[in-house]
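Everything in the sequence shown is counted per this note's numbering, starting at 924 for the first residue and increasing by one. Note that beta-carbon positions come from the ideal geometry of N, C-alpha and C, so glycine has one too.
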Amino acid sequence: MMKRLISAVVLTAATTIPAIAFAQTKLRVACPSAATNSTCLTATRFAEEANALSEGSLEVQVFPAAQLGSGVEAIQQTQAGIIDMVVEDITNYGTFNKDYNVISWGFAFRNQAHFDAFLKSDLQASMADEVRAKFGLRFFAVNWAKLPRVTVSTKPIFTPEDVKGLKFRVPGIQSYIRTWETLGTNPASVPWGESFQALKTGVVDAMEAPLDSVVSQNFHLAAPYVTLTNHVFSSITLAINESRYQRLTDSEKAALAEAAARAAVYSDELAKKAADEAIGAITADGGFVISVSSKPFQSMLAAKVDEQEAEGLWSAGLMAQIQAIN
924 MMKRLISAVV LTAATTIPAI AFAQTKLRVA CPSAATNSTC LTATRFAEEA
974 NALSEGSLEV QVFPAAQLGS GVEAIQQTQA GIIDMVVEDI TNYGTFNKDY
1024 NVISWGFAFR NQAHFDAFLK SDLQASMADE VRAKFGLRFF AVNWAKLPRV
1074 TVSTKPIFTP EDVKGLKFRV PGIQSYIRTW ETLGTNPASV PWGESFQALK
1124 TGVVDAMEAP LDSVVSQNFH LAAPYVTLTN HVFSSITLAI NESRYQRLTD
1174 SEKAALAEAA ARAAVYSDEL AKKAADEAIG AITADGGFVI SVSSKPFQSM
1224 LAAKVDEQEA EGLWSAGLMA QIQAIN
């Protein structure tokens, strides 16, 4: 009788120990870019850090190349709890809080430091709070680095006068269209995949794009003048479904927060490297990289800010609050 009892105890211990050892909280992260793109490289670093910091409690897995969706659709699926976490450009949150639309307005920020200060500000924090309260999406990061948008053209651009009358390819987004209309261009609707050919054949004279995309898409081979207008500064966000967040342990929450912060540092390193490589590739291919002052462009666009706010693109007075940030 005693032998059978001992055997039963040993058997029970043997069957329960592995279940405890391998217990994990699994989180799926949607990433829109290719696995080798800096956005998903940063997301992967975040996952690695989170898994290590949690000492096995977390199993964070990144799904790159829009496997789980991308853009507003992926954010909505995270809101619904279909996806646990989502990595996306901050401008996509304009659908959830209209004040994020201001980021897409040309020359809204003086420079990268001004944009970074905005991301750290109480103003941005209140916008993020609204997204969490109304839509159940909590940001772990809003500051993963992304290169600013620049101008690619068939002739050099130094001042606002140089863009007047140009056939200018822009995304079908109101703030982008109004920005370049105000600067005197003739905005043209051309699919992203057809942009190179449009530049090459003269369908458009110029376009705008993130600096690293200029090289990856070879736009500089069709239009050799790349002007660092830096007219839109943006960033990559990491958000989690709020209900999912509340089910995490305190140590898991802390691990995710620290991992997101460490990934932000890594994203800065990747962005600096990507910028240097892009500028090097453009000049090596015979292109020209032009630096300009943003102030003349900002002055022209300032007159239209009240109009945008009156139309409700973002809240009245928001731009003035942003400009007051040091």
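{"Item": "To the nearest angstrom, how far is the alpha carbon of Ala997 from that of Thr1082?", "Value": "38 Å"}
{"Item": "Going by beta carbon distance, what residues of the same chain come within less than 8 Å of Ala1194, once the five residues before and after it are set aside?", "Value": "Ser961, Ala1068, Lys1069 and Leu1070"}
{"Item": "Going by other Cβ atoms of all chains shown within 10 Å of its Cβ, with 16 needed for buried, is Thr1206 buried or exposed?", "Value": "exposed"}
{"Item": "Just to confirm, is the Cβ distance from Ser980 to Thr948 under 8 Å?", "Value": "yes"}
{"Item": "Assuming Asn1015 and Val985 are in contact, meaning their beta carbons sit under 8 Å apart, how far apart are those beta carbons, in whole angstroms?", "Value": "No, Asn1015 and Val985 are not in contact; Cβ-Cβ is about 18 Å, not under 8 Å."}
{"Item": "Go through its chain and collect everything with a Cβ distance to Gln999's Cβ below 6 Å, but skip five positions before and after it.", "Value": "none"}
{"Item": "Any heavy atom of the ligand ZN closer than 7 Å to the CB of Ser1076?", "Value": "Here there are no bound small molecules, and the ligand ZN is not part of this structure."}
{"Item": "With a 10 Å radius around its C-beta and 16 neighbouring C-beta atoms as the bar for buried, classify Gly1203 as buried or exposed.", "Value": "exposed"}
{"Item": "Please state whether DSSP places Trp1115 in a helix, a strand or coil.", "Value": "helix"}
{"Item": "Could you pull the DSSP bridge partners for Glu982 from this structure?", "Value": "Lys949"}
{"Item": "Per DSSP, which one or two residues make a beta bridge with Asp1012?", "Value": "Ile1159"}
{"Item": "Quick one, are the C-beta atoms of Arg1061 and His1154 less than 8 Å apart?", "Value": "no"}
{"Item": "Comparing C-alpha positions only, which one of Glu1011, Ala1239, Ala1132 and Glu1175 sits nearest to Asn1066?", "Value": "Glu1011"}
{"Item": "Leu1042 and Ala1178: beta carbons closer than 8 Å?", "Value": "no"}
{"Item": "Can you say whether Asn1024 is buried or exposed, counting buried as having 16 or more other CB atoms within 10 angstroms of its CB?", "Value": "buried"}
{"Item": "Between which two residues does the beta strand (DSSP E) holding Ser1214 run?", "Value": "Phe1211 to Ser1214"}
{"Item": "So, with DSSP's three-state summary, where would you put Ser1076?", "Value": "strand"}
{"Item": "What three-state label does DSSP hand Thr962 in the structure shown?", "Value": "helix"}
{"Item": "Here's a check: name, in chain order, each residue in its chain whose Cβ is nearer than 8 Å to the Cβ of Ala970, leaving out the five neighbours to either side.", "Value": "Val952, Val983, Gln984, Val985 and Ala1182"}
{"Item": "For Val1009, which residues of its own chain have a beta-carbon under 6 Å away from its beta-carbon, when the five flanking residues on both sides are left out?", "Value": "Ala953, Ala997, Ile998, Thr1001 and Ala1162"}
{"Item": "Using DSSP with H/G/I as helix, E/B as strand and the rest coil, what is Asn1024?", "Value": "helix"}
{"Item": "Less than 8 Å between the CB atoms is what I'm expecting for Ile965 and Ser1190, so what's the real figure, rounded?", "Value": "The sequence shown places Thr at residue 965, rather than the Ile named in the question. The Cβ separation is near 4 Å, so the contact holds."}
{"Item": "Check for me: the alpha helix (DSSP H) holding Trp1103 runs from which residue to which?", "Value": "Gln1097 to Thr1105"}
{"Item": "Label Gln1120 either buried or exposed according to how many other C-beta atoms from any shown protein chain fall within 10 Å of its C-beta, with 16 as the threshold for buried.", "Value": "exposed"}
{"Item": "Could you tell me the alpha carbon to alpha carbon distance between Ala989 and Thr1102, rounded to whole angstroms?", "Value": "29 Å"}
{"Item": "Checking the sheet assignment: what are the DSSP bridge partners for Tyr1168?", "Value": "Tyr1168 is not bridged to any residue."}
{"Item": "Going by DSSP, which residues form a beta bridge with Ala1132?", "Value": "Val1073"}
{"Item": "Hey, quick one: how far does the beta strand (DSSP E) through Phe1091 stretch, first residue to last?", "Value": "Lys1090 to Arg1092"}
{"Item": "Three Cβ pairs or more, each shorter than 8 Å: is that satisfied between the stretch 1042-1057 and the stretch 1121-1140?", "Value": "no"}
{"Item": "To the nearest angstrom, how far is it from the Cα of Ala1239 to the Cα of Ile1245?", "Value": "12 Å"}
{"Item": "Can you name, in chain order, every residue of its own chain whose Cβ lies under 7 Å from the Cβ of Tyr1099, other than the five neighbours on each side?", "Value": "Ser1027 and Val1093"}
{"Item": "Can you name the residues that DSSP bridges to Arg1061?", "Value": "Ile1163"}
{"Item": "Would you list the one or two residues that DSSP bridges to Ala1051?", "Value": "Ala1051 pairs with nothing; no bridge assigned."}
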